[in-house]
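Numbering (my numbering), first residue to last: 278 to 573. Ideal Cβ positions, reconstructed from N, Cα and C, are used throughout, including at glycine. Quantities reported herein were computed from a predicted structural model and do not represent experimental measurements.
Given below as structure tokens:
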């Protein structure tokens with residue numbers, strides 16, 4: 278019999294694989310402090326299958342290299358890779374080359390870029406998963422004061438990482454270079470979109486668009502809430518706060534209409550070619566390009 282999602286759990290993150298299929302990371306808040314764990318659910322057309330790991334994974338992405346799979350990551354660097362065979366380890370011990378001065382901080386997110394997983398965190402940490410259990414450290418040249426929150430790119434030779442105090446760095450495949458951004462608020466999301474534009478978002482509703490050395494603030498009065506995630510779906514950029522999801526229409530944001538069954542929680546976004554998910558602590562909503570429906 279298929280499982281039901283326990284409503285006592287808090288959703289940490291999610292990922293839509295395709296319409297009708299996705300993954301959910303959740304935890305039991307009553308056990309979280311004493312017993313690190315993550316509940317991993319495969320959701321298929323309303324049916325759930327569950328597994329778990331004994332670490333606090335909070336971010337995930339899909340990969341196609343070194344093979345098709347799902348990567349999930351904890352703040353402490355513990356990771357899992359679910360594929361035809363499953364793998365697990367810790368980035369700090371399963372990586373090379375060793376840093377000249379060890380950087381130990383909190384990992385903030387993992388993202389897929391050109392089929393590979395990239396993990397970023399505080400103190401300027403950037404790692405790329407090149408083999409099932411081997412990460413390559415690629416943060417030489419980044420200052421330890423750069424507290425990275427998110428990374429995205431058009432490929433290995435065009436990466437953008439954003440973090441606290443409006444800081445942004447670009448890697449052109451050879452070195453990291455600092456980019457002057459038109460803000461000093463904390464930046465929490467970056468999206469290298471198919472339209473060739475890099476979108477960056479952060480606290481107080483800040484939304485910026487540009488590429489390389491040219492950037493401009495998208496002036497809007499739709500929200501002053503912190504924007505936590507950005508996604509591209511149906512030739513549109515979507516932005517999410519803790520209280521709503523917005524679509525970028527030209528140079529303005531507009532709140533999406535969830536319909537009569539609106540979620541009470543929003544936070545992250547995940548997109549596949551035929552579906553967009555909005556993921557909050559208690560709600561997951563799916564958009565097929567026409568209407569929203571409830572996943573959880």
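Assumed close pair residue i, residue j - CB separation to whole angstroms, cut-off 8 Å
i           : j           : result
residue 500 : residue 521 : 7 Å
residue 230 : residue 517 : In the structure as shown, the chain begins at 278 and stops at 573. Residue 230 is therefore absent and cannot be evaluated.
residue 397 : residue 386 : 6 Å
residue 351 : residue 324 : Wrong, their Cβ atoms sit about 27 Å apart, outside the cutoff.
residue 485 : residue 460 : 7 Å
residue 348 : residue 549 : With a Cβ gap of about 16 Å, residue 348 and residue 549 do not count as contacting.
Cα-Cα separation, residue i to residue j
i           : j           : result
residue 463 : residue 559 : 26 Å
residue 551 : residue 530 : 22 Å
residue 410 : residue 365 : 7 Å
residue 331 : residue 370 : 17 Å
residue 363 : residue 283 : 25 Å
residue 547 : residue 377 : 36 Å
residue 458 : residue 392 : 28 Å
residue 327 : residue 316 : 7 Å
residue 440 : residue 467 : 10 Å
residue 487 : residue 379 : 33 Å
residue 482 : residue 504 : 6 Å
residue 303 : residue 320 : 13 Å
residue 280 : residue 571 : 17 Å
residue 476 : residue 509 : 10 Å
Residues that residue i bridges to, as DSSP identifies them
i           : result
residue 308 : DSSP lists no partner for residue 308.
residue 336 : 350
residue 477 : 467 and 485
residue 302 : 290 and 317
residue 436 : 430 and 448
residue 533 : Answer is none; residue 533 lacks a bridge partner.
residue 499 : Residue 499 pairs with nothing; no bridge assigned.
residue 372 : 412
Limits of the unbroken beta strand (DSSP E) element including residue i
i           : result
residue 425 : 425-432
residue 512 : Premise fails: residue 512 is in no beta strand (DSSP E) and is neither H nor E.
residue 523 : 522-526
residue 356 : 355-359
residue 461 : Counting along the chain, residue 461 falls outside any beta strand (DSSP E), and DSSP gives it neither H nor E.
residue 550 : No beta strand (DSSP E) holds residue 550; DSSP gives it neither H nor E.
residue 408 : 402-408
residue 378 : No beta strand (DSSP E) holds residue 378; DSSP gives it neither H nor E.
residue 383 : Per DSSP, residue 383 belongs to no beta strand (DSSP E) and is neither H nor E.
residue 398 : 393-398
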